[in-house]
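Engineer: Numbering (our numbering), first residue to last: -5 to 75. All C-beta atoms, glycine included, are put in the ideal place defined by N, C-alpha and C. Would you mind keeping the following structure in view while I ask a few things?
What follows is the structure, given as structure tokens:
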């Protein structure tokens, strides 16, 4: 029988740094990821559409709860191909 041991160095420190960074930036609450370029975009409260500042695509937004936005799909009528 073969046994494997996984050693992770600095795992707790790395997790603490990551969680501290989220708290400083306000986390990901109120942000969605652009499904074209995958950059994070902050969504204004109650917005029903957003435009990605990186690539210019427009997205329809829905709200799961007052703090959690979700991308519903692209605004096809505004897209230029």
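Three-state secondary structure (DSSP) at residue 53?
Structural biologist: Sequence index remark: in the chain shown, residue 53 carries index 59 (1-based). Strand.
Engineer: Just to confirm, is the Cβ distance from residue 59 to residue 23 under 8 Å?
Structural biologist: For this step, residue 59 is matched to residue 65 along the chain shown. For this step, residue 23 is matched to residue 29 along the chain shown. No, these two residues do not count as a Cβ contact at 8 Å.
Engineer: How many whole angstroms separate the CB atoms of residue 43 and residue 53, which I take to be in contact at a CB cut-off of 8 Å?
Structural biologist: In the chain shown, residue 43 corresponds to position 49, counting from 1. In the chain shown, residue 53 corresponds to position 59, counting from 1. With 8 Å as the limit, residue 43 and residue 53 qualify as a contact, their Cβ atoms being about 7 Å apart.
Engineer: When you compare only the Cα positions, how much space is there between residue 70 and residue 46?
Structural biologist: As a working mapping, residue 70 is identified with position 76 in the chain shown. As a working mapping, residue 46 is identified with position 52 in the chain shown. C-alpha separation (whole angstroms): 14 Å.
Engineer: Can you give the Cα-Cα distance for residue 32 and residue 57, rounded to whole angstroms?
Structural biologist: Counting from 1 along the chain shown, the entry for residue 32 is found at position 38. Counting from 1 along the chain shown, the entry for residue 57 is found at position 63. Rounded to whole angstroms, residue 32 to residue 57 spans 19 Å at the Cα level.
Engineer: Going along the chain, which residues of its own chain have a beta-carbon closer than 6 Å to the beta-carbon of residue 41, five neighbours each way excluded?
Structural biologist: To locate residue 41, count along the chain shown from 1; it is residue 47. Closer than 6 Å at the Cβ level, and outside the excluded window around residue 41, lie 55.
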